[in-house]
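Residue numbers (the numbering used here), protein chains in the order written: chain A, 18 to 368; chain B, 18 to 368; chain C, 18 to 368; chain D, 18 to 368. Think of the CB as a built atom: it goes at the ideal place given N, C-alpha and C, for glycine as much as any other residue.
Number of protein chains: 4
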Amino acid sequence: MKKINAGLVGITGYAGMELARLLAGHPHMRLSMACSRAEAGKRLGQFYPFLESLPGSDVVISVFDPKEAARLCDVVFLAVPAGTAMDMAYDLLQAGVKVVDFSADFRLRDSATYEEWYKIDHKQQALLPQAVYGLPELYAQDAARTSLIANPGCYPSSVILGLYAALKHRLILLDDIVVDAKSGTSGAGRKASVPTLFCEVSDTFRAYGLPRHRHTPEIEQEVSLLAGQPVCLSFNPHLVPMNRGILSTIYTRLANPAMTLEEVHDIFSHTWKDSQWVRILPQGALPETRFVRGSMFCDIGLVVDPRTGRLTILSAIDNLCRGAAGQALANANLMCGLPMQSGLEHLAPLA
Amino acid sequence: MKKINAGLVGITGYAGMELARLLAGHPHMRLSMACSRAEAGKRLGQFYPFLESLPGSDVVISVFDPKEAARLCDVVFLAVPAGTAMDMAYDLLQAGVKVVDFSADFRLRDSATYEEWYKIDHKQQALLPQAVYGLPELYAQDAARTSLIANPGCYPSSVILGLYAALKHRLILLDDIVVDAKSGTSGAGRKASVPTLFCEVSDTFRAYGLPRHRHTPEIEQEVSLLAGQPVCLSFNPHLVPMNRGILSTIYTRLANPAMTLEEVHDIFSHTWKDSQWVRILPQGALPETRFVRGSMFCDIGLVVDPRTGRLTILSAIDNLCRGAAGQALANANLMCGLPMQSGLEHLAPLA
Amino acid sequence: MKKINAGLVGITGYAGMELARLLAGHPHMRLSMACSRAEAGKRLGQFYPFLESLPGSDVVISVFDPKEAARLCDVVFLAVPAGTAMDMAYDLLQAGVKVVDFSADFRLRDSATYEEWYKIDHKQQALLPQAVYGLPELYAQDAARTSLIANPGCYPSSVILGLYAALKHRLILLDDIVVDAKSGTSGAGRKASVPTLFCEVSDTFRAYGLPRHRHTPEIEQEVSLLAGQPVCLSFNPHLVPMNRGILSTIYTRLANPAMTLEEVHDIFSHTWKDSQWVRILPQGALPETRFVRGSMFCDIGLVVDPRTGRLTILSAIDNLCRGAAGQALANANLMCGLPMQSGLEHLAPLA
Amino acid sequence: MKKINAGLVGITGYAGMELARLLAGHPHMRLSMACSRAEAGKRLGQFYPFLESLPGSDVVISVFDPKEAARLCDVVFLAVPAGTAMDMAYDLLQAGVKVVDFSADFRLRDSATYEEWYKIDHKQQALLPQAVYGLPELYAQDAARTSLIANPGCYPSSVILGLYAALKHRLILLDDIVVDAKSGTSGAGRKASVPTLFCEVSDTFRAYGLPRHRHTPEIEQEVSLLAGQPVCLSFNPHLVPMNRGILSTIYTRLANPAMTLEEVHDIFSHTWKDSQWVRILPQGALPETRFVRGSMFCDIGLVVDPRTGRLTILSAIDNLCRGAAGQALANANLMCGLPMQSGLEHLAPLA
């Protein structure tokens, strides 16, 4: 079987690094192009010593050129900032190359919302109708039929999967949802900056971006679609002194305050019983980010408090794998006609 | 000036360790007795190498005996488990020794609530009326007149101080308070156990104790007193891969959803303007646990979200100093007629 | 192809946990038995949430019984303490089961040395001649012909691989070798103990076990064999506040102090040019433990200091994968007639 | 008693941050000037939230001007890069202000050695004779008589104190000294850079700067002076995923290989018996960086290995306090006629 050729634009960030790791073990896809203006000319194995001697390490980093990309790649992953990705995507699609965009450029169906939250003009609105929001549990069929994936944000992936069963089965009040999300520091990116230095993050804890983190409208868009009506919620990210992982603690009120943990657990378990990657933990068990480290799993724990009538949903993912590169790869698999889990199925978490 | 003699029962835990640190620098109080059954016979400086050559390091660890305590001490700190402290406190008070109890034995005014949440019979209910809940910002005057301090829990200290101004000024709805609290691992104590091993905590994040953590009734008791009516809230602790510090993110709804951040900030700032240890951060700033490390400060940040009508209060303390040993020392100072801040005033945070 | 059935005795430690991870992705071997007295009766996926839904998670933990092991397994991994493994190995071999022993029981060819350093009587000395020291780079051919593997210690794996080329090519003086080794905390095991609690390890650094760590004679045995004469060296382990990884900094003196880095680098590179897992870094580059995390790689960096005539060799491995479970799996592969790298070839480091 | 006025140039680094902490609790010295070009105009308490409400927090950050410094300060601490400090020091001394320089500009008595290792022209060689190398245990009397302190480097402080007794008493061979030093990440400074990002340091371990770290000649200068002859040694720094602390493991050979641990320990203990800050640990005990965190202590542990004839000395300090700001303050105290330990005596380690 001929291997699918994949390009990666934006090799220097953590999501790009993670994708290089995953592609090194993919049986049917290989890295054929890696782009970075700053690092052009280096072998990828030189830039990423962990990759040395593995598939992909001999690729020489180059400056992005859509024509060259079209010559070398069936699919290109864009791990570049919001605002930069949209035009690259246009050029690639024009050249007949499939695109998985890690940025937010095509995630929001309403370009006005994008412009309000990102303060960036949307120059490729015409592409929005064909962009598929690449959360496989919701949109796998659409992903298989498009050439442009808007790869979901890390926080939204954890929150939407966490809320899905509760929304589908109308278990909760829609006007009282609070998300307290905690992320490892890789989520802040790999740019030189003082606030993410080791000594500024280690042995400390803080919130950031309150109350207007950019993942808010993305979460609200998908939650509203699932709920069948507009939902406004409170999203509050925090920075954890760890490398990888997101735990979202989602506070909701039960529509029926008398509902028991057993009943809620049954509904969640039934909803996800055929899922490959969403694991509903046993009653009483709570998820931990280490148990999904380096994998595609989303672990969900449930708490019902009869004192307050609240259902608390805890959702854990790996922000770089499930929340970025792994999910991107699942989407690329779907677009390229491979099984969704190809290259991802043997990822036992590195606990 | 003659130094006050202080005893410490339960030297092997983190709160005891922190108290030994603080007493080593106290100008008017000194450690005169240190008790631990398991470590009896060792010099304290041998058991705690960090203390070697400092005041207190030559104290020989002994087995607790109330008569000996009465001979050696003006005040005794009990850093022993709930259920063990109550009888020790009785014996010490009988012998004329002042007591600061780190455990929950005297924190809850209603012994039935204590017995429900702690599953321990309360054998010293007669002492409850004289026990003062030792949060100095609320009860400093009472503390100066008693011989028995119920030293507050770490989480409750952060939450009650965080909510105080909002409750006093009736800014928030009382039936929709959710506390998402995050603690460093020293809060889990210094017992040999697998779940708090380095490799079980490092590079991971998890919630625990949901939905019935024992600090819940303590928080509700004081919040209800401040609100003037019973309050039931949701309290949700999480474990952070760091040593020290608590950040409590407190989600509330504004009674008046049109209230602005500026208005809320003015009220909080005015409420705490004469406080030595509560610092209201500037508008837009959020607290971090490192900025209070090793100190008595409680840093409070405020977020108002007009989209949701919510006021989010973020409160950061050091769980071992402000949340245990430092607060205990402030209470002991008050009971012994010293200035509240004696031995605590030069504690610049080790950021 | 029928899968090889593998048993694991001692599931609760970190090496056992790592082996469970690796077996979950092995194409030709599967976990058929998991033993632990303390956890018997639980499903493995219940005990290890990270494993849930993956191959092996449905195995029910049982108490070790050699007859049952013979019924269920082609090969058994013993992840039990030194002194316990030897008799288990005897019983399994008698029952026709291949054995990979993670303990030191069969590593030292001289049982007197074993007894001196481990203070344990060796009750299975008759098995020593057939035991193969399972460092594949040295003994792969022997491993393929035996039924009993003494799986190397984590530190020795890093040190022996680091020194190999220098010894083979007589580059260094044999009477002046100092190893300063640093290990992640998983190397200390998964037993409840105060010294390995998070708060006792985080944000601190210490040496331990000096000057008589038990891995010393194991290193000296293999180094002496490579050197062709007895070598006595200084081995000094340290504990790093990280989960995984070993970096050994090996200080040697060049036999020819005028030798250049380029010359040394050429010799090392040539020696290892066909190795799958030993990577000689480019001149000037130094290894980091993260670049081998979760993999079989041993990364080696070289420093020549003309001022002092010293060659410093830095060797990095993952202590749980290359230093324990992964290496054990390579040995089991060899014993069972599989390619050495089966199940290990797609382990791109989780950097 | 009138307070001494102290200025600090270079407020944004970790050493400057630590000095601000220490000055906040100094009974006889106060921060009267804080300089940083980048942060000029901010209140210090705004820039360093941990300092808010403490002495010094109201100082407004300014651009350095020697005349203004002379007006405001009795002594100025220079926490600026090597090469920048020398001219500032000249200007301040001309203006009659005492200077403590944190950089290396005045540490090396031989300007040629400085220029060789730092690749910077020395433009103030005339000041070298009056510069005192500010390790109080060696040069306290000189410090009391000068106006210019070359504050020692962090690594050298730990190594020189560790070796002092062995050199003074000629216990070791001078041609076989290897230092394997490990430092917390604050030692790498507070500049925005990718290699010191949290995710590049956490859960990994690496060496750096081998074999020509700039602290080498500084160590050799003082070791040679103590030995009475030129000493060339091997110095090898490593980066630890922790904030603060240095542990130097110093490998030496005993001049008399039959010397026992007891004999060596007696000599070290006797040498340091009157020292306020150097603590010789009991036989068998090894130092840990946490036991000196935030303090002036240098903890020394001793290992004698009769197998190899080696004496291994382990020396632990806090790199920011003893290794930079605290030592600087001790020197400033001496220059200003205060007791050396003023403002430093109640620094119990934050273990």
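8 Å Cβ cutoff, LEU214/A in contact with chain D:
Taking Cβ atoms only, chain D reaches closer than 8 Å to LEU214/A, which makes this a yes.
For MET352/D, count neighbouring C-beta atoms within 10 Å of its own C-beta (all shown protein chains included) and say buried if the count is 16 or more, exposed if not.
By the Cβ neighbour-count rule, MET352/D is buried, with 16 or more other Cβ atoms within 10 Å of its own.
Count the other C-beta atoms from every protein chain shown that fall within 10 angstroms of the C-beta of GLY58/A, then say buried if there are 16 or more, exposed otherwise.
Taking all protein chains in view, the Cβ of GLY58/A is surrounded by fewer than 16 other Cβ atoms within 10 Å, so the residue is classified as exposed.
By how many angstroms is the C-alpha of ALA302/D removed from the C-alpha of MET103/D?
Going by C-alpha positions, MET103/D is about 42 Å away from ALA302/D.
Just checking my contact of ARG339/D with VAL309/D at CB under 8 Å: how many whole Å lie between their CB atoms?
Rounded, the Cβ-Cβ distance is 7 Å, consistent with contact.
With three or more C-beta pairs closer than 8 Å as the rule, is the stretch 270–279 of chain D touching the stretch 319–336 of chain D?
Output reads yes: the stretch 270–279 of chain D touches the stretch 319–336 of chain D.
Is it true that the CB of TYR150/A sits closer than 8 Å to the CB of SER265/A?
Cβ distance not < 8 Å, so SER265/A and TYR150/A don't count as in contact.
Please classify MET259/A: is it buried, with 16 or more other beta-carbons within 10 angstroms of its beta-carbon, or exposed?
Residue environment: MET259/A is assigned as buried (16 or more neighbouring CB atoms within 10 Å of its CB, all protein chains considered).
Once the 5 residues before and after GLN300/A are set aside, which same chain residues still bring their CB inside 8 Å of it?
In chain order, LEU278, GLU279, HIS282 and LEU319 place their CB closer than 8 Å to the CB of GLN300/A, counting only its own chain and leaving out the 5 sequence neighbours on each side.
Which residues bound the alpha helix (DSSP H) around LYS115/B?
Note, LYS115/B: premise wrong, no alpha helix (DSSP H); beta strand (DSSP E) at 115–118.
Look at the Cβ atom of GLY42/B, then the Cβ atom of GLY354/B, and state whether they are nearer than 8 Å.
Not in contact: GLY42/B and GLY354/B (Cβ atoms no closer than 8 Å).
Pop quiz: LEU298/A and PRO83/C are said to be a contact at Cβ under 8 Å. What is the actual Cβ separation, rounded to whole angstroms?
Between PRO83/C and LEU298/A the Cβ distance is about 35 Å, and since that is not below 8 Å, they are no contact.
Pull out every residue of the stretch 181–200 of chain A whose Cβ sits closer than 8 Å to any Cβ of chain B, in chain order.
Taking a C-beta cut-off of 8 Å against chain B, the contacting residues of the stretch 181–200 of chain A are ASP193, VAL195, ASP197 and LYS199, listed in chain order.
Short Cβ contact (8 Å threshold) for LEU331/A with PRO304/A
In this structure, LEU331/A lies near PRO304/A, with their beta-carbon atoms less than 8 Å apart.
Less than 8 Å between CB atoms is the rule here; does CYS338/C satisfy it with respect to chain D?
No, CYS338/C does not count as interfacial toward chain D.
Classify MET50/D: buried if its beta carbon has 16 or more other beta carbons within 10 angstroms, exposed otherwise.
Under this definition MET50/D is a buried residue.
Which residues in chain D sit within 8 Å of HIS363/B, going by Cβ to Cβ distance?
What HIS363/B touches in chain D: ALA41, GLY42 and HIS363.
Pairwise C-alpha distance: ASP122/C and PRO169/C
Approximately 10 Å between the Cα atoms of the pair.
Are the C-beta of ARG162/A and some C-beta of chain C separated by less than 8 Å?
Residue-level contact by beta carbon fails for ARG162/A and chain C, as no gap is shorter than 8 Å.
Run through chain D and tell me which residues come within less than 8 Å of PRO228/C, C-beta to C-beta.
Contact of PRO228/C with chain D by beta-carbon distance below 8 Å involves VAL320, VAL321, ASP322, ARG324, THR325, ARG327 and THR329.
With 8 Å as the C-beta to C-beta threshold (strictly closer), list the residues of the stretch 251–269 of chain C near chain B in chain order.
Listed by position, the residues of the stretch 251–269 of chain C near chain B (Cβ gap below 8 Å) are PRO258, MET259 and ASN260.
Using a cut-off of 8 Å between C-beta atoms, extract the partners of ASP75/A located in chain C.
In chain order: nothing, as chain C lies at least about 14 Å away.
Kindly indicate the opening and closing residues of the beta strand (DSSP E) around ASN22/C.
21–26 is the extent of the beta strand (DSSP E) around ASN22/C.
If you reduce the DSSP assignment to three classes, tell me which class MET276/C lands in.
Looking at MET276/C - three-state DSSP - the assignment turns out to be coil, as it is neither helix nor strand.
Roughly how many angstroms lie between the CA atoms of VAL240/C and LEU364/A, to the nearest whole one?
A straight line joining the alpha-carbon of VAL240/C with that of LEU364/A spans about 37 Å.
Under 8 Å between C-beta atoms, does ASP159/A make it to chain C?
With respect to chain C, the C-beta atom of ASP159/A has no partner C-beta closer than 8 Å.
If you follow the beta strand (DSSP E) that SER332/D is in, where does it begin and where does it stop?
In this chain, the beta strand (DSSP E) harbouring SER332/D covers 327–334.
Start-to-end residues for the alpha helix (DSSP H) that takes in VAL218/B
Looking at the DSSP string, the run of the alpha helix (DSSP H) that includes VAL218/B is 215–218.
Under 8 Å, Cβ to Cβ, is there at least one residue of chain A near PHE222/B?
So yes, PHE222/B belongs to the interface.
Here's the rule: buried if 16 or more other CB atoms are within 10 angstroms of the residue's CB, otherwise exposed. What is GLU235/B?
Around the beta carbon of GLU235/B, a 10 Å sphere encloses 16 or more other beta carbons of the protein chains shown; the residue is thus reported as buried.
At what residue ranges does the stretch 71–152 of chain A contain a whole run of the beta strand (DSSP E), taking only runs of 3 or more?
Complete beta strand (DSSP E) runs here, min 3: 92–95 and 115–118.
State whether the stretch 242–249 of chain A contacts the stretch 177–187 of chain A, with contact taken as three or more CB pairs (one from each stretch) at a distance under 8 Å.
Counting Cβ pairs under 8 Å, three or more are found: they touch.
Members of the stretch 48–60 of chain C near chain D, C-beta cut-off 9 Å
Those would be none; no residue qualifies.
Residues within the stretch 283–315 of chain A neighbouring chain D, beta-carbon criterion of under 7 Å:
Answer in chain order: no residues at all.
With three or more C-beta pairs closer than 8 Å as the rule, is the stretch 205–221 of chain C touching the stretch 205–222 of chain B?
Yes: at least three Cβ pairs fall under 8 Å.
Can you tell me where the alpha helix (DSSP H) with THR306/A in it begins and where it stops?
It is not in any alpha helix (DSSP H) - THR306/A carries neither H nor E in the DSSP assignment.
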